[in-house]
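If you're matching them up, the sequences are chains A and B in order.
Per numbering that gives the first Met the number 0, numbering through the first sequence is continuous, rising by one, with the last residue being 423.
Per numbering that gives the first Met the number 0, numbering through the second sequence is continuous, rising by one, with the last residue being 157.
Every residue gets a Cβ at the ideal spot worked out from N, C-alpha and C, and that includes glycine.
Bear in mind the structure is a predicted one, so any value in this text is a computation, not a measurement.
Everything below concerns the one structure shown next.
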Amino acid sequence: MEQILLKGLDGDRTWRLADYEKRGGYAALRKIFDEKMTPEQVIDEVKKSALRGRGGAGFPTGLKWSFMPKNYTGAKYLVCNTDEGEPGTFKDRDIMRYNPHMLIEGMIIAAYAMGIPVGYNYIHGEIWEVYERAEEAIDEARAAGYLGNNILGSGFSFQLHNHHGYGAYICGEETALLESIEGKKGQPRFKPPFPASFGLYGKPTTINNTETFASVPWIILNGGEKYQALGKPNNGGTKIFSVSGHVNRPGNYEVSLGTPFAKLLEMAGGMRGGRKLKACIPGGSSMPVLTGEVMMELDMDYDSIAKAGSYLGSGAVIIMDETVCMVKALQRLAYFYYEESCGQCTPCREGTGWMHRMIDRIESGKGRNEDLDLLLNLSDNIQGRTICALGDAAAMPVRSFVKTFRDEFQYHIDHMKCMVPASS
Amino acid sequence: MTLSAESLVKIDREIAKYPADQKQSAVMSALRIAQMEKGWLAPETIAFVAKYLEMESIAVYEVASFYNMYDLKPVGKYKITLCTNLPCALSGANDIGGYLKGKLGIGFNETTPDGKYTLKEGECFGACGEAPLFILNNVKMCGSLTPAEVDKILAELE
């Protein structure tokens, strides 16, 4: 199976510039300058690739790039979102610690395509060692003439800096992330205006996920059509899936979009202890949960997972076996959204706490009969009624857990205990 | 109250990353650097950072109180932040939490009487493949934890 992002890596030993160049690194950037590709040609190639945003929303990357005002002469910014905190997701950390130059090259190409002189890479607060490595990687690229003024004698200049977060899930939301770079609380902005017209410091800004940028050099080198063909129509290329939970070998697996889930599960070593797959969240904790039966028939691409009633999201595949109590699992997730709500919008600030307290009492055997319908009603009244998607992210797990495993929740209320023996 | 020359050099390096009129962008790094030197962010440390970056103290305090890796109260010499979110819980994080509580004799958000350890519960670190895991003093990620591994890590701390 073709790999792009994790190909030829040997853990901590092969992240430096010289190793990346040995793997063919920075050849795409050289190709652009040698063949005098225009910014429009670069964007066209990305459009042809059907690359979609790898951070969670799946928005077509080439289209996003074309939103940047072309003839704007003032400052413009490029921002990479490495604020990876969606429970279950750990792919960008591996790209950054094992292949940081691929991200840097992708950002330089994006900056060239949109005529952007300055970029920032916002790195999740909890991964300090990765931030330090990213600082070193940028120094290496600058010293080699890949970053800075007049890159490789092309006349194009691009400055790139790392910005270190310090513990706030909400900063993965792109406008909260911009506020955070500006030195404020990470509270999302009302949209419109969108970042392409009013972004960092009020200037036109494009924000992409780490994995998205890192996919760009291969696309330029091999062509958008070839990248698209690695996946499925409208779901181009490869994708890293972070597999966690009850499998024998949790980890990152880069596969073609459209790969059957059963194959991915097999790559991750199968179910721990040979137990039965009960449920899976296929795209990070904010996405609806699916039953094991549905998962085993599913292909891992944006459109197939959406058709099954969930989303590919960030590609975080959380595996739960038959020993899991779904009430307890949801209890932990509900606490997370309550803890991480930024407090700006009433439905989210109050609603996440309310849901958390209700699920707590169901779990501890004090649930009331009306609680389940109230939970569903509450999630409907949060979703779509907040400035950012955290409200949706808090509502979707609650609704899907209660709807898909309602008998288990009802059992907790009726019997004041769990129906799963020895649940973990 | 001031910070060491070494810390100020680090803060200046951060300030240089942003446009000249956007010094405030360095506030997160400045607070992190200050906390690493002082152990926690006392009101006078926050006031110093504010003055250094030409910000209002309250604006700096807003940032310090919003992001959860800043400590606005003293913590132990070693702060252990354990992730207990769902993917980690599926891989035994609650057992490791119980083991740590028993071994240190404290609960979450508590510090040992000798001031050596603080135990905290964290949210997703984005490293779930190595669950269960904790972060030591905000900088060192320790993964694939077992009770034996925890013993080993703690034994190496003076």
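In the three-state scheme derived from DSSP, where H, G and I count as helix and E and B as strand, A:P59 is classed as strand. Per DSSP, reduced to three states, the secondary structure at B:E109 is strand. Taking C-alpha positions only, B:T111 is separated from B:L135 by approximately 15 Å. Taking C-beta atoms under 8 Å as the contact rule, A:P203 and A:Y71 qualify, at a distance of about 6 Å.
Interface residue (Cβ-Cβ distance to chain A less than 7 Å): B:F124 is classified as such. Taking a Cβ-Cβ cut-off of 9 Å, the neighbours of B:E61 in chain A comprise K183, K184, given in sequence order. Within the stretch 331-354 of chain A, the residues whose Cβ lies closer than 7 Å to some Cβ of chain B are R331, L332, F335, E338, E339, listed in chain order. Among the CB atoms of chain B, one or more fall inside 7 Å of the CB of A:W127. Taking the Cα of A:D391 as reference, the smallest distance to any Cα among A:V242, A:N233, A:D406, A:Y337 is reached at A:Y337. The stretch 82-89 of chain A makes contact with the stretch 271-287 of chain A: 3 or more CB pairs, one atom from each, lie closer than 8 Å.
Annotated three-state conformation of B:A41 is coil, per DSSP. If you draw a straight line from the Cα of A:H162 to the Cα of A:S214, it is about 21 Å long. In the same chain as A:R132, and ignoring 5 residues on each side of it, the C-beta atoms closer than 8 Å to its own belong to W14, M95, R96, P99, in chain order.
For A:F240, the enclosing beta strand (DSSP E) begins and ends at 237-244. Put simply, the backbone Cα of B:E61 is about 15 Å away from that of A:P187. About 14 Å separates the beta carbon of B:L118 from that of B:L132, a gap too long to meet the 8 Å contact definition. DSSP places A:Q343 in the coil class of the three-state scheme, outside both helix and strand. Considering only A:L332, A:M418, A:M354, A:D413, the residue with the shortest C-alpha distance to B:G121 is A:L332. Neighbours of B:P86 across chain A, judged by C-beta separation under 7 Å: P86, G87, S243, G244, I317.
Residue pairing of A:E253 in beta bridges, as defined by DSSP: A:I239.
Annotation for A:A195: K63, F66, M67, P68, P203, T204, T205 place their beta carbon closer than 8 Å to its own, counting only its chain and skipping 5 residues before and after. With a threshold of 7 Å between beta carbons, A:R92 makes contact with chain B. Assignment of A:Y71 by DSSP, reduced to helix, strand and coil, places it in the coil class.
C-alpha of B:C87 to C-alpha of A:N148: approximately 44 Å in a straight line. Counting only residues of its own chain and dropping the five nearest sequence neighbours on each side, A:I31 has a CB closer than 7 Å to the CB of V41, I108, Y111, I219.
With respect to the 7 Å criterion, A:L297 and A:S255 are not classified as neighbours on the basis of their beta carbons. Bridge partners of A:Y76 according to DSSP: A:V117, A:T204. Measuring C-alpha to C-alpha distances from A:G201 to each of A:K184, A:T174, A:T209 identifies A:T174 as the nearest. With respect to chain A, the C-beta atom of B:N67 has a partner C-beta closer than 7 Å. The DSSP assignment places 276-280, 315-320 as complete runs of the beta strand (DSSP E) inside the stretch 265-341 of chain A, in order along the chain (cut-off: 3 residues).
Secondary structure in the stretch 158-210 of chain A: the alpha helix (DSSP H) runs of 4 residues or longer, each lying completely within the stretch, are 173-180 in chain order.
With the rule of 3 Cβ pairs closer than 8 Å, the stretch 46-63 of chain A counts as touching the stretch 312-331 of chain A. Contacts between A:A167 and chain B, judged by CB atoms closer than 8 Å, involve F65, Y66, N67 in chain order. Between A:F212 and A:G291, the CB-CB gap reaches or exceeds 7 Å.
At least one beta carbon of chain A lies nearer than 7 Å to the beta carbon of B:L89.
Bridge partners of A:G147 according to DSSP: A:F157.
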